[in-house]
Amino acid sequence: MRARSLPLFACAVAAGFPSPADDYVESALDLNELVMAHAEATFYVRVSGDSMRDASIWPGDILVVDRALSARHLDIVVALLDGAFTVKRLYQHRTGLSLVPANPAYAPIRVTETMQFQVWGVVTYCIHRVR
Amino acid sequence: MSEKLFALIDCNNFYVSCERVFHAAIQHTPTIVLSNNDGCVVARSAEAKRLGIRMGQPAFELESLIRQHHIQVFSSNYSLYADLSKRVMSVLDQFSPRKECYSIDEAWLDLTDLHDLHDLPIDDLTEFGRTIKATVLQCTGIPVSVGIASTKSLTKIANELVKRDPQYQGVLDLTALSERQLDALLVQVDIHDVWGIGPKYALFLENYGITTARALKYADEKWIRRYLTVTGARIVFELRGISCLPLELERPPKQAIMCAKTFGREITRYDEMREAISTYTARAAEKLREQESLTSRLTVFIRTNTFKKQQEQYNNAFTVEFEHPTAFTPDLVQGALGGLEAIYKEGYRYYKAGVSLTRITPPRMVQPDLFGEFSLLQHSRQARLMFIVDALNRIYGHDTLFFAVQGWERSWKMRQGKLSQHFTTRWDELLTI
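Protein chains in written order, with our numbering: chain A, 9 to 139; chain B, 2 to 434.
What follows is the structure, encoded as structure tokens:
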């Protein structure tokens, strides 16, 4: 067995290069590590409207959405509302929930019992291209 | 023999559920997914089932029904389904370290010794099943059913019953039932619906008057030994609650050697971890040479005990690439320790660590250095290509490779435009809100 394995060593050595392994040991910074707390529950969505403009969320931006988080008061969420997706700030009142835009041109939406409403995920980061 | 405990997690109408995660408007609309090769129905929402649409039904038979009921039709979007499947499977890891991914939409968890795994008290298994269901739904958007029982065969039956009866709300724990209650359920399960009983075998059993799961469970001992195959006899025992079919845990990829262990006690010191990693690497290198192979890629990983929720958690892995394939222990150990240095963090209680060698090259494929680096590089590329092809075959199967090619030539009108976006695998196809 050992004799047979000799040529294998010969290959590696005969090439004449030192092992490069030690040049690779510094791990580069990984953006995923920064923005992804729960990889299996993290999704990206693209913004189309300007209803969240004053929260620095612009059309074309990519939102990092973490579904593993439970939405809390004032979280920006992606929600399913009556058969459409929307991104808004979630307000929790004593009497119920509202979806509040960050742009005075749009009106807040009070979630009523007749609406089909569900939080799809909590927005944790916004990727905005500056150039 | 100690009692076993399994949970089968089965995604409901999986392909349809995947589409619903990203299509807000079809949450309650009858929806079907078609196969790509022959235009048959491969998934149906509950609403579509109620309209009488059958599994495998050719789509052309459904044209008027589709118009009449505004049925949503999708072509199979396998990259989307594979991505969501991976996410579901990965969410399940937090509930048990022993998991068998049985298909794209089903997995077993071994819950035996559950109390040792979780430091939270788990007395009510139905409640535990509900937690699994709720967690998968929240994290991935995929609804699942959970069947809990002492054997894999019984978990299959539990899931079958869950799907039939909405009173279970998606979770059924058969271990909570008395023998009499269990038998009352087993009598409702047709012999054709028992896992592992093929159509021919079912007809054979019916000839002997065995028409339900309950009848098979109480089949005469002598008769079993005389007429049933080993597989058949195993199913009988499984229905009786005696576990004969252990989990088939994920094997490492064909071209990989793995050496990993859970520590006898948690490791908190760097020098101890270096020793452990060196030992595992040496063992892996030995295995490599036993099969007369070379490797050019080594991954080292370390992790804390994810089941001890109150402890600080950390797990990480680092992959070292070798320019030339090698089986030389000192080189491999040096690479592994370099990788460990890159990921090791002080202050954690490490529970498991290991080393895996991938991109293994059989030596016959590596020429002597007549052509020097060129030849070696080429062989390394070949090895990598095979690795990718293997991985693709393993994950998607031949049909999907075929489908990917066929995808560009789709011409049948029903299929055109029915493919949804690759929401999770292509930047230019993200869900837009």
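We put the beta carbon where it would ideally sit given N, CA and C, even for glycine.
Let me know if V17 of chain B comes out buried or exposed under the rule of 16 or more other beta-carbons within 10 Å of its beta-carbon. For the purposes of this step, residue 17 of chain B is taken as the residue at position 16 of the second sequence. Per the 10 Å Cβ criterion, buried.
Pop quiz: V145 of chain B and N13 of chain B are said to be a contact at Cβ under 8 Å. What is the actual Cβ separation, rounded to whole angstroms? Within the second sequence, residue 145 of chain B is the residue found at index 144, counting from 1. Within the second sequence, residue 13 of chain B is the residue found at index 12, counting from 1. N13 of chain B and V145 of chain B do touch by the CB rule: their CB atoms are close to 6 Å apart, below 8 Å.
Chain B contacts from the region 104-122 of chain A (Cβ-Cβ distance under 7 Å): none
By a C-beta neighbour count over all protein chains shown, 10 Å radius and 16 as the cutoff for buried, is D106 of chain B buried or exposed? The sequence position of residue 106 of chain B within the second sequence is 105, counting from 1. Per the 10 Å Cβ criterion, buried.
Spatial neighbours of A203 of chain B within its chain, please: CB distance less than 6 Å, with the 5 preceding and 5 following residues excluded, ordered by chain position. Here the question's residue 203 of chain B lines up with position 202 in the second sequence. So the qualifying residues of the chain are I192 and H193.
Could you check whether the Cβ of C140 of chain B sits closer than 8 Å to any Cβ belonging to chain A? Along the second sequence, read from residue 1 onward, the residue named residue 140 of chain B stands at position 139. Closer than 8 Å to some Cβ of chain A, the Cβ of C140 of chain B qualifies, so yes.
Whether or not the region 263-277 of chain B and the region 295-302 of chain B are in contact is what I'm after, with contact meaning three or more pairs of Cβ atoms, one per stretch, closer than 8 Å; do they touch? no
Would you check if there are 3 or more beta carbon pairs closer than 8 Å linking the region 59-66 of chain A to the region 111-130 of chain A? The region 111-130 of chain A and the region 59-66 of chain A touch, with three or more beta-carbon pairs separated by less than 8 Å.
Please report the residue range of the beta strand (DSSP E) in which H325 of chain B lies. Along the second sequence, read from residue 1 onward, the residue named residue 325 of chain B stands at position 324. Looking at the DSSP string, the run of the beta strand (DSSP E) that includes H325 of chain B is N316 to T327.
Inter-residue spacing [alpha-carbon to alpha-carbon] between M366 of chain B and V356 of chain B: Translated into the one-based positions of the second sequence, residue 366 of chain B becomes position 365. Translated into the one-based positions of the second sequence, residue 356 of chain B becomes position 355. Per-residue confidence for M366 of chain B stands at a pLDDT of 49, beneath the threshold of 50, marking its modelled position as unreliable; no derived number is given.
Rounded to the nearest angstrom, what separates G233 of chain B and K218 of chain B at their Cα positions? One-based indexing of the second sequence puts residue 233 of chain B at position 232. One-based indexing of the second sequence puts residue 218 of chain B at position 217. Answer to the nearest angstrom: the Cα atoms are 11 Å apart.
Closest Cα partner of L9 of chain B within the set B:D84, B:V89 and B:H70: Looking up residue 9 of chain B in the second sequence gives position 8. The candidate whose alpha carbon is nearest that of L9 of chain B is B:V89.
Identify the contact partners of V92 of chain B in chain A, using a Cβ-Cβ distance below 8 Å as the criterion. The sequence position of residue 92 of chain B within the second sequence is 91, counting from 1. Neighbours of V92 of chain B on chain A, chain order: E48 and A49.
Taking only three categories from DSSP, how would you classify F93 of chain A? Stepping through the first sequence from its first residue, residue 93 of chain A is reached at position 85. F93 of chain A falls in the strand class under three-state DSSP.
Applying the 10 Å Cβ sphere with the 16-neighbour rule, what's the burial state of N208 of chain B? As a working note, residue 208 of chain B is residue 207 in the second sequence. By the neighbour-count rule (16 or more Cβ atoms within 10 Å), N208 of chain B is not buried but exposed.
Which one of B:V42, B:C19 and B:W109 has the shortest CA to CA distance from N78 of chain B? Here residue 78 of chain B refers to the residue found at position 77 when the second sequence is read from its first residue. Among B:V42, B:C19 and B:W109, the Cα nearest to that of N78 of chain B is on B:C19.
Spatial neighbours of S97 of chain B in its chain, beta-carbon cut-off 7 Å, leaving aside the 5 residues before and after: Residue numbering aside, residue 97 of chain B sits at position 96 when the second sequence is read from its first letter. Here the set comprises L110, D111, L112 and L118.
Reduced DSSP secondary structure (H/G/I, E/B, other) of R118 of chain A: As a position in the first sequence, residue 118 of chain A is number 110, starting the count at 1. The answer is strand: DSSP assigns R118 of chain A an E or B state.
So, does the CB of S35 of chain A fall closer than 8 Å to a CB anywhere in chain B? If you number the first sequence from 1, residue 35 of chain A lands on position 27. It does; some Cβ of chain B falls within 8 Å.
Identified DSSP bridge partners for A44 of chain B: Within the second sequence, the letter at position 43 stands for residue 44 of chain B. A44 of chain B is bridged to B:V34.
Given 8 Å, three or more beta-carbon pairs between the region 130-144 of chain B and the region 31-46 of chain B: no
Determine the chain B residues that contact R125 of chain A at a beta-carbon separation under 9 Å, and present them in chain order. If you number the first sequence from 1, residue 125 of chain A lands on position 117. This sequence places Phe at residue 125 of chain A; Arg is not what is there. Ordered by position in chain B, no residue passes the 9 Å Cβ test against F125 of chain A, which lies about 11 Å from the chain.
Local conformation of P59 of chain B per DSSP, three classes: Within the second sequence, residue 59 of chain B is the residue found at index 58, counting from 1. Note: P59 of chain B maps to strand in three-state DSSP.
Residue nearest to P59 of chain B in terms of C-alpha spacing, selected from B:Q69, B:R45, B:I158 and B:Q95: As a working note, residue 59 of chain B is residue 58 in the second sequence. P59 of chain B has its Cα closest to that of B:R45, out of B:Q69, B:R45, B:I158 and B:Q95.
Which residues DSSP lists as bridging M259 of chain B, in chain order: Against the second sequence, residue 259 of chain B aligns to sequence position 258. Paired residues: B:S357.
Listing by chain order, which chain B residues have their CB less than 8 Å from the CB of R54 of chain A? As a position in the first sequence, residue 54 of chain A is number 46, starting the count at 1. What R54 of chain A touches in chain B: L431, L432, T433 and I434.
Please report the residue range of the alpha helix (DSSP H) in which L93 of chain B lies. The residue labelled residue 93 of chain B in the question sits at position 92 within the second sequence. Unbroken alpha helix (DSSP H) run through L93 of chain B: Y79 to L93.
Alpha carbon to alpha carbon, what distance is there between F23 of chain B and Y103 of chain B? Position 102 of the second sequence, counted from the first residue, corresponds to residue 103 of chain B. Position 22 of the second sequence, counted from the first residue, corresponds to residue 23 of chain B. Roughly 25 Å separates the two Cα atoms.
Any idea what DSSP makes of C134 of chain A, helix, strand or coil? Taking the first residue of the first sequence as position 1, residue 134 of chain A is located at position 126. It is a strand residue.
Residues of chain A with a CB under 8 Å from the CB of Q28 of chain B: which are they? Your numbering for residue 28 of chain B matches position 27 in the second sequence. Those within 8 Å of Q28 of chain B in chain A are L88, G91 and Q124.
The region 305-316 of chain B / the region 273-286 of chain B touching (three or more Cβ pairs under 8 Å): no
Confirm, please, whether the CB-CB distance from A286 of chain B to A354 of chain B is below 8 Å. In the second sequence, the residue the question calls residue 354 of chain B occupies position 353. In the second sequence, the residue the question calls residue 286 of chain B occupies position 285. Their beta carbons are not under 8 Å apart, which means A354 of chain B does not touch A286 of chain B by this criterion.
Closer than 7 Å at the beta carbon, the chain B residues around T94 of chain A: Walking along the first sequence from the start, residue 94 of chain A turns up at place 86. Here the neighbours are I434.
Nearest to T127 of chain B by CA position, among B:I143, B:A177, B:L115 and B:R99, is which residue? Along the second sequence, read from residue 1 onward, the residue named residue 127 of chain B stands at position 126. Answer by Cα proximity: B:A177.
Residues of its chain near T212 of chain B, where Cβ-Cβ distance is below 6 Å and the 5 sequence neighbours each way are ignored: Start at 1 with the first residue of the second sequence, and residue 212 of chain B comes out as number 211. For T212 of chain B, where only same-chain residues beyond five positions count, the Cβ hits under 6 Å are I192.
Let me see if you follow: with CB-CB separation under 8 Å, is A79 of chain A close to chain B or not? The residue given as residue 79 of chain A occupies position 71 in the first sequence. Closer than 8 Å: no.
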